[in-house]
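Colleague:
2 protein chains.
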Amino acid sequence: MAGVLQRIGVELPIIQAPMAGVSTPQMAAAVTEAGALGSIGVAATDAAGARKMIEAARSLTSGPFNVNVFCHRPASADPEREAAWLARLRPVFARYGAEPPTGLREIYRTFLADPAMVDLLVETRPAVVSFHFGLPSAAVIGRLKGAGIVLLSSATNLAEAEAGVAAGVDAIVAQGYEAGGHRGVFDPEAPDPRLGVLALTRLLARKIPRPVIAAGAIMDGAGVAAVLDLGAEAAQLGTAFIGCPESSADNFFREALFGPGAAATEMTALVSGRLARSLPNRFTALKDAELKGAAVPDYPITYDAGKALAAAAKARGEGGYGAQWAGQGAPLARAMPAGELVATLARELAAARQR
Amino acid sequence: MAGVLQRIGVELPIIQAPMAGVSTPQMAAAVTEAGALGSIGVAATDAAGARKMIEAARSLTSGPFNVNVFCHRPASADPEREAAWLARLRPVFARYGAEPPTGLREIYRTFLADPAMVDLLVETRPAVVSFHFGLPSAAVIGRLKGAGIVLLSSATNLAEAEAGVAAGVDAIVAQGYEAGGHRGVFDPEAPDPRLGVLALTRLLARKIPRPVIAAGAIMDGAGVAAVLDLGAEAAQLGTAFIGCPESSADNFFREALFGPGAAATEMTALVSGRLARSLPNRFTALKDAELKGAAVPDYPITYDAGKALAAAAKARGEGGYGAQWAGQGAPLARAMPAGELVATLARELAAARQR
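Here the protein sequences line up with chains A and B, keeping their order.
Take 1296 as the starting number for the first sequence in our numbering and just add one per residue.
Take 1296 as the starting number for the second sequence in our numbering and just add one per residue.
Structural data, given as structure tokens:
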């Protein structure tokens, strides 16, 4: 079971998590240049946008990086539910002198129905491609593997990890319940045992015949050392990188990250239509009143409304409706350049391993 | 910040969790004799019962052990809610040819209102006393400390840990959301950020001036090594010991522990009146129908009904209504004598630390 990072020449057992909307080609390149694996998330763009991001990263590093795609089932439109949702949001928009949109669209295409994105990846051959929310078809996996791309898939339980192994991926990203951003469960309707990263990483390390990459609440070298002890090949850190200057998080997000809400992240589906771990903010607070009990439209149809609301409020100086994803490690976030953070993590890891 | 285990002569950084109803004086003694810290839980008995347990443990070991008490606020009776609860349970009792009790009692006294238990502890001086669900008064803490007893208190977040430090306890048990049994939140009505053990342990190790003991989903030496890397002084394991012959878990519980439900533990308040992580069983399944939406009486008033139902069903051969607490690590449970398990954990820990 050779390590996948070793195979592609990454020296440190550290992956910067792909965070669509927060990570950037600059961040990915800085991380890769510092000896870890940088990532970009292309779930919020199309093949043309992804091409630009890949080219931007390549202009900054000749090293390997990871491109992450979302493999959810295509959204199912439900005009009635969507109209009801917008009606609930109308008074919130009104607070910022705005109207909700008249209708909602599936603003991002799933990778499962995006042949142009597949073609782009096969053509540009990033060192690593990672799947979230599920797995593409055997044909697509075959094409990506044929292009020499290392494949990762996320799992929140043993069954999802076994599905990744059966599909032929090279390593499994064990996403603990602590992790920030979208929870990668394949079927959003299925019961979720909400496994923590320690339980999940150890379970997968013991039960599946592939390397495991642990994700969730890992913020420093001690956290990296801990998951290596659990049998992980590497740690994937997202929240740790939000405060970096290379991140595209806005100032409202950064302030929230370093504020008291960091201790009380919560899972919400209200922003995008799928559960994601977020800093508590004005949007998540809508659960207690304006959106209480409302039927949530599909991902990413809900996100169309969420982004419109965030933009309307921000135009009036209220930044608390943005997608401020963060994991349970948020209280330990640091603000430093991504390359410096990687060097710091490496030093801390070495110190932890010497004890 | 000297380690508390060192102070009392415990050689291994391992504590067997006090599990009222599952751990036994025999288990505690076997663990202590093997070089870790054994524990008994006396939350489900009174001072006379606790005395017997302490004497039984002392007859088997001259080493240190931990006595755990529950520090919840006294139950608040609500005859209407309790009558409604029993009415909901009536058809479930009927399935086993039984009637629900005519009324419910606060079957266990909280340590906060149990001066006889305080006197017993001061008199018998166990090496360690640990608090769950909260903290006793300064006067009680003063008496216990005056008797030379090392004190631990549980915390599920930073504020609870800080309260323990302010009260003068010697170390904090960081109980992750993964942990089996009763979730130790001080205020069951307050929002719970559900911190995983990795996030919580690292946060407390970084932020509080006391040793931290990590609890939740730790099942083997790799797990122990992981939490030590996070800065914990020791790991507390409960679920790992359920399968030991010294445990008082019945065969139904053991079968469930080693069955498929181990992968899907869930938090339920239906059994006792407080949230506890349980194997899925007939009792937890009542949430979907018989007890759906019902107002749950206070802890431990609810437990009175739960125990009556478990007994009625068991009398007819149905063991699926017992309190089958287990943590998210359950799929990695092993059945071996407690002393042998401690020796195995020690070997695994040494191996993990050498890598």
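Using N, Cα and C, we set each Cβ at its ideal position, and we do this for glycine too.
Pick out whichever of B:Ser1318, B:Ala1411, B:Gly1358 and B:Val1326 has its Cα sitting closest to the Cα of B:Gly1304.
Modeller: Taking only the C-alpha atoms, the option nearest B:Gly1304 is B:Gly1358.
Colleague: To the nearest angstrom, how far is it from the Cα of A:Arg1478 to the Cα of A:Gln1311?
Modeller: C-alpha separation (whole angstroms): 17 angstroms.
Colleague: What would DSSP say about A:Gln1619, mapped onto helix, strand or coil?
Modeller: DSSP places A:Gln1619 in coil when its eight states are reduced to three.
Colleague: Does the segment 1384-1395 of chain B come close enough to the segment 1406-1416 of chain B to have 3 or more Cβ pairs within less than 8 angstroms?
Modeller: Cβ pair count under 8 angstroms is below three, so no.
Colleague: Report the three-state DSSP secondary structure of B:Ala1517 (helix, strand or coil).
Modeller: B:Ala1517 falls in the helix class under three-state DSSP.
Colleague: Does any residue of chain B have a CB that is nearer than 8 angstroms to the CB of A:Leu1453?
Modeller: Chain B, which has a Cβ nearer than 8 angstroms to the Cβ of A:Leu1453, makes this yes.
Colleague: What is the DSSP secondary structure of B:Ser1357, counted as helix, strand or coil?
Modeller: In this structure, B:Ser1357 counts as coil in the three-state DSSP scheme.
Colleague: Which of helix, strand or coil does DSSP assign to B:Glu1635?
Modeller: B:Glu1635 falls in the helix class under three-state DSSP.
Colleague: Please work out which residues of its chain come closer than 6 angstroms, Cβ to Cβ, to B:Glu1643, disregarding the five sequence neighbours upstream and downstream, and give them in chain order.
Modeller: Cβ within range, chain order: Asp1515 and Gly1516.
Colleague: Going by other Cβ atoms of all chains shown within 10 Å of its Cβ, with 16 needed for buried, is B:Pro1540 buried or exposed?
Modeller: Per the 10 Å Cβ criterion, exposed.
Colleague: Just how far apart, CA to CA, sit B:Gln1301 and B:Phe1536?
Modeller: Distance between the alpha carbons of B:Gln1301 and B:Phe1536: 23 angstroms.
Colleague: Which residue wins for smallest C-alpha separation from B:Ser1425, given the options B:Ser1542, B:Gly1511 and B:Ala1466?
Modeller: Residue B:Ala1466 is the option with its Cα nearest to B:Ser1425.
Colleague: Confirm, please, whether the CB-CB distance from A:Gly1556 to A:Pro1575 is below 8 angstroms.
Modeller: Closer than 8 angstroms, so yes.
Colleague: Ignoring anything shorter than 3 residues, give me the beta strand (DSSP E) runs that lie fully in the segment 1505-1568 of chain B, in order along the chain.
Modeller: Fully enclosed beta strand (DSSP E) runs of 3 or longer: 1507-1510, 1529-1532 and 1561-1563.
Colleague: Taking Cβ positions, are B:Val1519 and B:Leu1381 nearer each other than 8 angstroms?
Modeller: Not closer than 8 angstroms, so no.
Colleague: Check the C-beta distance from A:Thr1597 over to A:Gly1634 and give it rounded, since I have them as a contact under 8 angstroms.
Modeller: The Cβ separation is near 36 angstroms, so there is no contact.
Colleague: Nearest chain B C-beta to A:Asp1482 closer than 8 angstroms, yes or no?
Modeller: No - not a single Cβ of chain B is within 8 angstroms of the one on A:Asp1482.
Colleague: Grouping DSSP H, G and I as helix and E and B as strand, with all else coil, what is A:Ile1309?
Modeller: Looking at A:Ile1309 - three-state DSSP - the assignment turns out to be strand.
Colleague: Listed from N- to C-terminal order along the chain, which residues in the segment 1614-1625 of chain A have their beta-carbon within a distance smaller than 7 angstroms of any beta-carbon of chain B?
Modeller: Within the segment 1614-1625 of chain A, the qualifying residues are Gln1623 and Gly1624.
Colleague: Where A:Leu1446 and A:Gly1429 are concerned, what is the direct C-alpha to C-alpha distance, given to the nearest angstrom?
Modeller: So the alpha carbons of these two residues sit roughly 13 angstroms apart.
Colleague: Taking 8 angstroms as the threshold (C-beta atoms), are A:Gly1533 and A:Gly1617 in contact?
Modeller: No, the Cβ-Cβ distance between A:Gly1617 and A:Gly1533 is not below 8 angstroms.
Colleague: Give the residues of chain B in contact with A:Met1631, contact being defined as C-beta atoms less than 9 angstroms apart.
Modeller: Within 9 angstroms Cβ-Cβ: nothing; A:Met1631 doesn't reach chain B, min ~17 angstroms.
Colleague: Report the partner residues of A:Asn1363 according to the DSSP bridge assignment.
Modeller: Paired residues: A:Gly1336 and A:Ser1425.
Colleague: Could you confirm whether any beta carbon from chain B is found closer than 8 angstroms to the beta carbon of A:Glu1473?
Modeller: A:Glu1473 counts as touching chain B.
Colleague: With a threshold of 8 angstroms, are at least 3 pairs of Cβ atoms found where one atom belongs to the segment 1324-1334 of chain B and the other to the segment 1620-1634 of chain A?
Modeller: Contact between the segment 1324-1334 of chain B and the segment 1620-1634 of chain A is absent, because fewer than three Cβ pairs lie under 8 angstroms.
Colleague: In chain A, which residues lie with their C-beta within 7 angstroms of the C-beta of B:Asp1524?
Modeller: Going along chain A in sequence order, the residues near B:Asp1524 (Cβ under 7 angstroms) are Ala1517, Ala1520, Ala1521, Asp1524 and Ala1647.
Colleague: Out of B:Lys1609, B:Ala1600, B:Leu1570 and B:Leu1627, which one is the CA nearest neighbour of B:Trp1620?
Modeller: For the residues B:Lys1609, B:Ala1600, B:Leu1570 and B:Leu1627, the minimum Cα distance to B:Trp1620 belongs to B:Leu1570.
Colleague: Can you pull the chain A neighbours of B:Thr1563, defined as C-beta to C-beta under 8 angstroms?
Modeller: Simply none; closest approach about 13 angstroms.
Colleague: Using a Cβ distance threshold of 8 angstroms, determine whether the segment 1414-1422 of chain B contacts the segment 1396-1403 of chain B, with at least three qualifying pairs required.
Modeller: Too few Cβ pairs lie closer than 8 angstroms, so no.
Colleague: Which of helix, strand or coil does DSSP assign to A:Val1464?
Modeller: Looking at A:Val1464 - three-state DSSP - the assignment turns out to be coil, as it is neither helix nor strand.
Colleague: Which residues, taken in chain order from the segment 1564-1594 of chain A, show a beta carbon closer than 7 angstroms to some beta carbon of chain B?
Modeller: Going along the segment 1564-1594 of chain A in chain order, one finds no residue with a Cβ nearer than 7 angstroms to chain B.
Colleague: From the beta carbon of B:Val1492, is the nearest beta carbon of chain A less than 8 angstroms away?
Modeller: So, interface residue.
Colleague: Apart from the five residues on each side of it in sequence, which residues of its chain come closer than 7 angstroms, Cβ to Cβ, to A:Ile1349?
Modeller: These residues qualify, in order along the chain: Val1362, Thr1419 and Pro1421.
Colleague: Hey, B:Arg1497 and A:Leu1627: beta-carbon distance below 8 angstroms or not?
Modeller: Contact: yes.
Colleague: Between B:Leu1604 and the rest of its own chain, which residues show a CB-CB distance below 7 angstroms, the 5 nearest in sequence each way excluded?
Modeller: Here the set comprises Leu1384, Val1387, Phe1388 and Tyr1616.
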